[in-house]
Amino acid sequence: MYDSGKILIGIIVFLILFTSPIWYDLAFGNPAKKPNLVLPTGEDQQECVMSAEYMRDNHMELLNIWREDVVRNGNRIFATASGKKFEMSLTKTCIHCHSNKTEFCDQCHNYLGVSPYCWDCHIDSPKLEIK
Amino acid sequence: MDNNRRKFLKLAGLAAIGVSAGKYIDIIAKDTAHQIPPADLISGTELTSIKVNSKNRWAMVIDLNKCLVDEDCTKCINACHKTHNVPDIGNPKDEIKWIWKENYENAFLDQENYYMKAELRDKKVPIFCNHCDNPPCVRVCPTQATWKREDGIVMMDWHRCIGCRYCVAACPYGSRSFNYRDPRPFIKEITPDFPTRTKGVVEKCTFCDERLAKGLEPACVEACTAKALVFGNLNDPKSNVRELLKENYSIRRKPGLGTNPEIFYLV
């Protein structure tokens, strides 16, 4: 290889520059702000429609199923595994308990950089603070 | 020398794939573990929800003799628009309407008759979505965002509407409105029970499907103090609408088009 010394130095300099953001972050960076969920309190709000693990991974799929069932099939009642019945409604059921969107939904959505457009139409607050 | 560089590049490539693949294995493994809840948990029960079924064929009869007594009455319009968060944009170009009023001669183009009784001829009649038996809007919708339910209601799925406005062009009654702008700032008082719409979707009367599911009559029927609006099941020969239609002469808007409208006007 001709000029192998220069090429090797060049490659090393390139790698250091290219990966410098990683080293900088490891040395001086602040860790990303972790989501901090505020869970609903109150006696009648202890049971979610599904388990917390299921909801954490799949709430968006459940909401899609609900949407399909209510709008297209006309079924509006959801029975949990324990037999408790809920109306399939984002505003009336989910937001009734998780009444603070900024302290619950937005925490993870912002952390992950997803912006669901549910709230373009559905009312996110029973208190009706519409901007 | 050449051989060595070739080997180095191959190894480097493989290593890069290996490093990046490791990250995704976790995600993929988790993804396959996704489970949909069992079917019996997600199906509705008859607790408070009345199921959509073909035994019903919802229709409305409007008794114009009762309706036209008070010309300025807009109770049905106000009740409907408040219940469903219909915006008042205040500009006819962007207007959103579920119920509105039209001159008799414009509403019933083919029924125009100068010598008919003046209290009917010169007044405005309330106009609704006709929930046609043969709805042209449904035929043209490319996404099935609008469709005819088993009980005859021409429904809208605002999640699925892509805003192409074929249905607006197809509807011969002008029953459909398009949201040219975000409607939320124009809703005076938001009813939280019902969603608003967003920019780029078409909306219209849904015969209050959310109220029917609870066994309630449509909001306009409930709000009409003159009892001019009667809602009922056409499939039931003993229903109030069938009785009214049997006893009285009724007209419909543009019946010649073959859409078979299910809003009847008693004259």
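Residue numbers (my numbering), protein chains in the order written: chain A, 1 to 131; chain B, 1 to 267. Where is the CB? At the ideal position from N, CA and C, for every residue including glycine.
**Q.** Residue from D122(B), D193(B) and Y265(B) whose Cα sits closest to the Cα of L90(A)
**A.** D193(B)
**Q.** CB of A226(B) within 8 Å of CB of C67(B), strictly
**A.** Result yes, Cβ atoms of A226(B) and C67(B) sit closer than 8 Å.
Q. For the stretch 153-162 of chain B against the stretch 107-127 of chain B, are there 3 or more C-beta pairs whose distance is under 8 Å?
A. no
Q | Residue range of the unbroken alpha helix (DSSP H) whose run includes W98(B) | A | That residue, W98(B), is in no alpha helix (DSSP H); it is neither H nor E in DSSP.
Q) Given that K10(B) touches chain A, what residues does it touch there, using C-beta distances under 9 Å? A) None at all; the shortest Cβ gap to chain A is about 17 Å.
Q) H122(A) versus chain B: which residues are under 7 Å apart at the beta carbon? A) P195
Q | Against chain B: residues of the stretch 80-100 of chain A by CB proximity under 7 Å | A | The stretch 80-100 of chain A vs chain B, Cβ under 7 Å: A81, K85, T91 and K92.
Q) Looking at the unbroken beta strand (DSSP E) that takes in P126(B), where does it start and where does it end? A) K124 to I127
Q | 3-residue-minimum beta strand (DSSP E) runs that sit fully inside the stretch 33-110 of chain A, ordered along the chain | A | Qualifying beta strand (DSSP E) stretches, in chain order: 77-79 and 85-87.
Q: With DSSP as the reference, label V86(B) as helix, strand or coil.
A: coil
Q.
DSSP three-state label for Y24(A), please.
A. DSSP places Y24(A) within a helical segment (H, G or I) once states are collapsed to three.
Q. Thinking C-alpha only, which one of W58(B), A16(B) and D110(B) is nearest G256(B)?
A. Nearest of W58(B), A16(B) and D110(B) to G256(B), Cα basis: D110(B).
Q) Since H84(B) meets chain A, which of its residues come closer than 7 Å, beta carbon to beta carbon? A) Correct list: empty, because the minimum Cβ distance to chain A is about 12 Å.
Q. Taking the Cβ atom as the reference point for each residue, do E87(A) and R72(A) lie within a distance shorter than 8 Å?
A. no
Q.
For A219(B) and D57(A), what's the separation of their Cα atoms in angstroms?
A. 39 Å
Q. Which bits of chain B does R72(A) rub up against, with CB to CB less than 7 Å?
A. D157
Q: Check the Cβ of T198(B) against every Cβ in chain E and list those closer than 8 Å, keeping chain order.
A: Checking the listed chains, one finds no chain E in this structure; the protein chains it contains are A and B.
Q. Skipping 5 residues on each side, what residues in its chain have a beta carbon closer than 6 Å to that of C208(B)?
A. P218 and A219
Q. Would you say I62(B) and K101(B) are within 8 Å of each other, going by their C-beta atoms?
A. no
Q) Where do the ends of the beta strand (DSSP E) carrying Y265(B) lie? A) I263 to L266
Q | Buried/exposed call for P38(B), threshold 16 Cβ in 10 Å | A | In this predicted model, P38(B) has a pLDDT of only 36, less than 50, meaning its place in the structure is not dependable enough to derive any value.
Q: Counting only the same chain and skipping the five closest in sequence on each side, list residues whose C-beta sits under 8 Å from that of K84(A).
A: E47
Q: Closer than 7 Å by beta-carbon distance: list the chain B residues that pair up with R67(A), in chain order.
A: H159
Q | Test: V280(B) CB closer than 8 Å to a CB of chain A | A | Residue 280(B) cannot be examined here, being either before or after the span of chain B that is shown, 1 to 267.
Q) Should N100(A) and V38(A) be called a contact, given that it needs their Cβ atoms to be closer than 8 Å? A) yes
Q. Between the beta-carbon of S175(B) and the beta-carbon of C205(B), is there less than 8 Å?
A. yes
(Q) If you measure between the beta carbons of P142(B) and Y180(B), is that distance less than 8 Å? (A) In this structure, Y180(B) does not lie closer than 8 Å to P142(B) by Cβ.
**Q.** Simplified DSSP state of L229(B), which is helix, strand or coil
**A.** Note: L229(B) maps to strand in three-state DSSP.
(Q) In the DSSP output, which residue or residues are listed as bridge partners for W58(B)? (A) N233(B)
Q.
Please state the DSSP three-state secondary structure of S239(B).
A. coil
Q. Starting from V154(B) and walking both ways along the beta strand (DSSP E), at which residues does that stretch end?
A. V154 to M156
Q) Shortest alpha-carbon distance to E103(A) belongs to which of C118(A), E61(A) and S125(A)? A) S125(A)
Q) How about I187(B) and T198(B): do their beta carbons lie closer than 8 Å? A) no
Q. Leaving out the 5 sequence neighbours to the left and right, which residues in its chain are closer than 7 Å to I11(A) when beta-carbon positions are compared?
A. none
Q. Does the beta-carbon distance from K75(B) to C224(B) come in below 8 Å?
A. Going by C-beta atoms, K75(B) is nearer than 8 Å to C224(B).
Q | Of the residues V202(B), A107(B) and A59(B), the one placed nearest C161(B), counting alpha carbons only | A | V202(B)
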